[in-house]
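Residue numbers (the UniProt record's numbering): 1 to 687. The beta carbon of each residue, even a glycine, is placed where N, CA and C say it ideally should be.
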Amino acid sequence: MTAAVRTTCAYCGVGCGILATSAGDRAVRIEGDPNHPANAGRLCSKGTHLGETVGLEGRLLHPMIGKRRATWDKALDLVAKRFRDAIAQYGPNSVAFYVSGQLLTEDYYVANKLMKGFIGSANIDTNSRLCMSSAVAGHTRAFGEDIVPASYDDLDAADLIVLVGSNTAWCHPIVYQRIRARCDAGAKLVVIDPRRTETADQADLHLAIRPGTDVALMNGLLAWCREAGVVDDAYLAAHAAVPDDFWNQFGEGSDLWSVARICDVPPQDLRRFFELFAAHPRTVTMFSQGVNQSIAGTDQVNAITNLHLATGRIGKPGAAPFSITGQPNAMGGREVGGLASTLAAHMDFAPDNVARVGRFWAAPAMATKPGLKAVDLFRSVGEGRIKALWIMATNPAVSMPDAGRVREALAACPFVVVSDVIVDTDTSRFAHVRLPAAGWGEKDGTVTNSERTISRQRPFLPLPGEAKPDWWIVTQVARRMGWKTAFPYDRPGDVWREHCRLSTYENDGSRLFALPRQAGLGNAAYDAMTPFRWGGTPFADGGYSTPDGRARLVPVVQKPVAAPLGQWPMTLNTGRYRDQWHTMTRTGLSPKLARHREEPLVEIHPDDAARLDIADGTLARVTTPQGDSLYRASVVDSQRPGELFVPIHWTDRTATGGRTGLLSRPLADPVSGQPGFKSTPANVKPV
Ligand code: SF4
1 MTAAVRTTCA YCGVGCGILA TSAGDRAVRI EGDPNHPANA GRLCSKGTHL GETVGLEGRL
61 LHPMIGKRRA TWDKALDLVA KRFRDAIAQY GPNSVAFYVS GQLLTEDYYV ANKLMKGFIG
121 SANIDTNSRL CMSSAVAGHT RAFGEDIVPA SYDDLDAADL IVLVGSNTAW CHPIVYQRIR
181 ARCDAGAKLV VIDPRRTETA DQADLHLAIR PGTDVALMNG LLAWCREAGV VDDAYLAAHA
241 AVPDDFWNQF GEGSDLWSVA RICDVPPQDL RRFFELFAAH PRTVTMFSQG VNQSIAGTDQ
301 VNAITNLHLA TGRIGKPGAA PFSITGQPNA MGGREVGGLA STLAAHMDFA PDNVARVGRF
361 WAAPAMATKP GLKAVDLFRS VGEGRIKALW IMATNPAVSM PDAGRVREAL AACPFVVVSD
421 VIVDTDTSRF AHVRLPAAGW GEKDGTVTNS ERTISRQRPF LPLPGEAKPD WWIVTQVARR
481 MGWKTAFPYD RPGDVWREHC RLSTYENDGS RLFALPRQAG LGNAAYDAMT PFRWGGTPFA
541 DGGYSTPDGR ARLVPVVQKP VAAPLGQWPM TLNTGRYRDQ WHTMTRTGLS PKLARHREEP
601 LVEIHPDDAA RLDIADGTLA RVTTPQGDSL YRASVVDSQR PGELFVPIHW TDRTATGGRT
661 GLLSRPLADP VSGQPGFKST PANVKPV
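As structure tokens, this is what we get:
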């Protein structure tokens, strides 16, 4: 038994610290790290069973060109050549990277630098686009920078916690334990979610709103707050820019009765929520995929930020809007600018920022405008405009909306590279080159969790076969493409220090994201780094990252919610199970985790089930305009009538049904580009 290694969980954005003790032959003991600020020693079921997922079964252990094993030199040479050739013949926007919140910050940094500074395109997007890009866009509109203005400590200080579109008990269990502890001490919990989830079951109040009516709800609450004198006019006057016509939007349709009708909730419940909000200045509104994964996701985020800004509930202990991220390092990706719509160090593509980052990188070909966001990226692949695509650590053939089209696009793409730990994924079947990446327990670098705490992921297992870290793989390709000195990294600490220097480079203090102390860390200090949260309490002084230092109230209007009709009389909602993660490439390896839900279920209200002659436990086929898939019916009154719920996890590899990605529409929020997974017109029939 070796000494325990301090690392971080591989799964969700809570970012729990783990003590991993290797017992040889890839056996490992997993415990919660009592000294990590995110979890203080606690772990949920997924984290607890991580030790069952580090075996080598199904691992990709050496590079492959087609179906043949290849040397690293041959594979890397081929990748560099095909990307160079495509760029020479069709230009820099003919190539793309699609990366992942599973990458470490160092991996993300190098991939982003190669694409945006050297290839000269911003065609690098990430599966985080599917997870929290509406929060990024909403924060940027409201605060001038993508800052999460809350921390877990705020949950300990809040008197009212409002969870919007988040089954926190299942999806962020350790944060939920913290919420429960606060509620046990007297705080109130309101859950806003169309489904009566386990989280909603334990709330003081559950508003099962009609899907897609969040803006009406939050605007209605804001209008009510104004009438009730809860709006903090002094805070607005000092710290916010309020458009002249902002309050005009709260006319007809904003009264409590109209909002109750639009949201389809009892008026007395709505009033209770409004009164709870008015009575508790220390309110945290935590939101997740139910808000973000919508074609109005950014507006929904800003309906929440408007509410907190207008009531002055931000920058104070226990008072903030709080976007909780799904993935272990979605936040680290945001810090390095790993989205097609951001540049680096929380900068956008304003000409000054492009020039600044270009100077820092001594970049020969800076991208000057945003690139293709995930849905458009795969659409472009399908249209033949992307000639070379590199997918890292993600499985878009399952997870993208309209996944059937994504598969067709991948099949037609002239050159697809997949870096992954798994030899056979639904996506890697389309790869011309497969590159074996380091997995959790082998990786070495940093991650940032939902509250901006940066922690180390550390290796405690040897790299198996010929697997290599992602930052190393990208570095080797960059050098082979001709940029040897610009990618001088020998270890992840080299990348980290450059990232930290960029975060403060020519920063006049207008950006909150800055890691000055970290920039000087030597390798020993990098290796010994303890978790730290950057940014303190954002906006505590009322200053925002906008040119005039004021936050923005953003007018947002509830869009009409289409009534289900004709061929598609139901509304399909998607989400996670407690014990599975994404497309199950890791959690699917744990027999204990499989016990919670052994197969994909379609949840349906008893009235609908009776009308459609669907019995509990029988097979049912869910159909949408995009495709169809089989599920086992679960008849439950936690569903709203007329609505269905299915999980996102199952794939071609794991089941004959439950392929939810085939069902969702490729429609995205116009501001953030985040796909609207949550409200798909659907039908369901017994089989
Ligand atoms: Fe891992 Fe998230 Fe569970 Fe913590 S809450 S142990 S980070 S899956």
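To which residues does DSSP link residue 632 through a beta bridge? As a first step, residue 632 is located in the sequence shown; it is residue number 632 there, counting from the start. Beta-bridge pairing links residue 632 to 601, 619.
From which residue to which residue does the alpha helix (DSSP H) around residue 397 run? As a first step, residue 397 is located in the sequence shown; it is residue number 397 there, counting from the start. Per DSSP, residue 397 belongs to the alpha helix (DSSP H) from 396-399.
To the nearest angstrom, how far is the alpha carbon of residue 193 from that of residue 291? Position 193 of the sequence shown, counted from the first residue, corresponds to residue 193. Position 291 of the sequence shown, counted from the first residue, corresponds to residue 291. Between residue 193 and residue 291, the C-alpha separation is close to 10 Å.
Check whether the Cβ atoms of residue 101 and residue 326 sit closer than 9 Å, and answer yes or no. Mapped onto the sequence shown, residue 101 falls at position 101. Mapped onto the sequence shown, residue 326 falls at position 326. Yes.
If I'm right that residue 99 touches residue 108 with Cβ under 8 Å, what's the distance once you round it to whole angstroms? One-based indexing of the sequence shown puts residue 99 at position 99. One-based indexing of the sequence shown puts residue 108 at position 108. Rounded, the Cβ-Cβ distance is 7 Å, consistent with contact.
Does the Cβ of residue 34 lie closer than 8 Å to at least one heavy atom of the ligand SF4? Counted from its first residue, the sequence shown places residue 34 at position 34. In this structure, residue 34 has its beta carbon at no less than 8 Å from each heavy atom of the ligand SF4.
Is any heavy atom of the ligand SF4 found at a distance shorter than 8 Å from the C-beta of residue 173? Within the sequence shown, numbered from 1, the residue matching residue 173 stands at position 173. Result yes, Cβ under 8 Å from the ligand SF4.
Between 577, 566, 361, 304, which lies nearest to residue 505 when the distance is taken from Cα to Cα? What you label residue 505 is simply residue 505 of the sequence shown in a count that begins at 1. Nearest C-alpha to residue 505: 361.
Would you list, in sequence order, the uninterrupted alpha helix (DSSP H) runs of no fewer than 4 residues that lie entirely inside the region 271-336? Scanning the region 271-336 from its first residue to its last, the whole alpha helix (DSSP H) runs of 4-plus residues come out as 289-292, 297-310, 330-336.
Contact check, residue 511 vs residue 345 under 8 Å by CB: the rounded distance? Your numbering for residue 511 matches position 511 in the sequence shown. Your numbering for residue 345 matches position 345 in the sequence shown. Yes, residue 511 and residue 345 are in contact; Cβ-Cβ is about 7 Å, under 8 Å.
Is the beta carbon of residue 589 less than 9 Å from the beta carbon of residue 55? Residue numbering aside, residue 589 sits at position 589 when the sequence shown is read from its first letter. Residue numbering aside, residue 55 sits at position 55 when the sequence shown is read from its first letter. In this structure, residue 589 places its C-beta atom within 9 Å of the C-beta atom of residue 55.
Is residue 516 close to the ligand SF4? I mean its beta-carbon at under 8 Å from any heavy atom of the ligand. Translated into positions along the sequence shown, residue 516 becomes position 516. Within 8 Å of the C-beta of residue 516 there is not a single heavy atom belonging to the ligand SF4.
Tell me, please, which residues DSSP counts as bridged to residue 392. Here residue 392 refers to the residue found at position 392 when the sequence shown is read from its first residue. Residue pairing of residue 392 in beta bridges, as defined by DSSP: 419.
Once DSSP output is grouped into helix, strand and coil, what is the label at residue 408? Position 408 of the sequence shown, counted from the start, is the residue given in the question as residue 408. Residue state, collapsed to three classes: helix.
Please check the pair residue 41 and residue 302, which I expect to be a contact at CB under 8 Å, by giving their CB distance rounded to whole angstroms. Residue mapping note: residue 41 aligns to position 41 of the sequence shown, counting from 1. Residue mapping note: residue 302 aligns to position 302 of the sequence shown, counting from 1. Wrong, their Cβ atoms sit about 37 Å apart, outside the cutoff.
Cβ contact (3+ pairs, closer than 8 Å) linking the region 525-535 and the region 184-192: With the cut-off at 8 Å, the region 525-535 and the region 184-192 do not touch.
Return yes when the C-beta of residue 48 is under 8 Å from any heavy atom of the ligand SF4, and no when it is not. For this step, residue 48 is matched to residue 48 along the sequence shown. Yes, the Cβ of residue 48 comes within 8 Å of a heavy atom of the ligand SF4.
Whole-angstrom distance between residue 497 and residue 245, CA atom to CA atom: On the sequence shown, position 245 is the one that residue 245 refers to. On the sequence shown, position 497 is the one that residue 497 refers to. About 46 Å.
Who pairs with residue 457 in a beta bridge, going by DSSP? Here the question's residue 457 lines up with position 457 in the sequence shown. DSSP lists 445 as partners of residue 457.
Under 9 Å between the Cβ atoms of residue 331 and residue 474? On the sequence shown, residue 331 is found 331 positions in, with the first residue counted as 1. On the sequence shown, residue 474 is found 474 positions in, with the first residue counted as 1. In this structure, residue 331 sits away from residue 474, with a CB-CB distance that is not shorter than 9 Å.
Counting Cβ pairs, one atom from each stretch, are 3 or more of them under 8 Å apart for the region 53-69 and the region 333-352? Flag = no, the region 53-69 and the region 333-352 do not touch.
Name the two residues that bound the continuous beta strand (DSSP E) containing residue 686. The residue labelled residue 686 in the question sits at position 686 within the sequence shown. Start and end: 680-686.
Closer than 7 Å by C-beta to residue 592: which residues in its own chain qualify, once you throw out the five before and the five after it? Chain order, please. Position 592 of the sequence shown, counted from the start, is the residue given in the question as residue 592. Closer than 7 Å at the Cβ level, and outside the excluded window around residue 592, lie 49, 52.
Beta-carbon spacing of residue 259, residue 216 below 9 Å: Mapped onto the sequence shown, residue 259 falls at position 259. Mapped onto the sequence shown, residue 216 falls at position 216. Judged by their CB atoms, residue 259 and residue 216 are nearer to each other than the 9 Å cut-off.
In the structure shown, what three-state DSSP assignment does residue 147 receive? As a working mapping, residue 147 is identified with position 147 in the sequence shown. Coil, per DSSP.
Quick test of your reading: residue 125 and residue 371, contact by CB under 8 Å. State the CB separation rounded to the nearest angstrom. One-based indexing of the sequence shown puts residue 125 at position 125. One-based indexing of the sequence shown puts residue 371 at position 371. Indeed, because the Cβ distance is near 7 Å, the residues count as touching under 8 Å.
Just checking, does the region 555-569 make contact with the region 202-220 on the three C-beta pairs under 8 Å criterion? By the Cβ test, the region 555-569 is in contact with the region 202-220, since at least three Cβ pairs between them sit closer than 8 Å.
Unbroken stretches of the alpha helix (DSSP H), 4 residues or longer, contained in the region 530-602: Entirely contained in the region 530-602, the alpha helix (DSSP H) runs reaching 4 residues are, in chain order, 591-594.
Under 7 Å Cβ to Cβ from residue 220, same chain only, skipping five residues before and after it: list those, please. Position 220 of the sequence shown holds residue 220. Taken in chain order, the residues that qualify are 254, 256, 259.
Compute every distance between the C-beta of residue 38 and the non-hydrogen atoms of the ligand SF4, then say whether any falls below 8 Å. Along the sequence shown, one-based indexing puts residue 38 at 38. At least one heavy atom of the ligand SF4 is nearer than 8 Å to the Cβ of residue 38, so yes.
Beta-carbon proximity check, residue 160 vs residue 282, cutoff 9 Å: As a first step, residue 160 is located in the sequence shown; it is residue number 160 there, counting from the start. As a first step, residue 282 is located in the sequence shown; it is residue number 282 there, counting from the start. Between residue 160 and residue 282, the C-beta gap is smaller than 9 Å, which places the two residues in contact.
Could you pull the start and end residues of the beta strand (DSSP E) that residue 98 belongs to? Here the question's residue 98 lines up with position 98 in the sequence shown. 95-99 is the span of the beta strand (DSSP E), which, as asked, contains residue 98.
Just checking, does the region 81-97 make contact with the region 307-324 on the three C-beta pairs under 8 Å criterion? No, because fewer than three Cβ pairs between the region 81-97 and the region 307-324 fall closer than 8 Å, the two stretches do not touch.
Euclidean distance between Cα positions of residue 636 and residue 376: The count along the sequence shown starts at 1 and reaches residue 636 at position 636. The count along the sequence shown starts at 1 and reaches residue 376 at position 376. Straight across, the Cα-Cα distance linking residue 636 with residue 376 is about 37 Å.
Let me know the secondary structure DSSP gives residue 648 once reduced to three states. Counting from 1 along the sequence shown, the entry for residue 648 is found at position 648. DSSP places residue 648 in coil when its eight states are reduced to three.
Would you grab the beta carbon distance between residue 329 and residue 103 for me? Rounded to a whole angstrom, and I think it's under 8 Å. What you label residue 329 is simply residue 329 of the sequence shown in a count that begins at 1. What you label residue 103 is simply residue 103 of the sequence shown in a count that begins at 1. Confirmed, Cβ separation roughly 6 Å.
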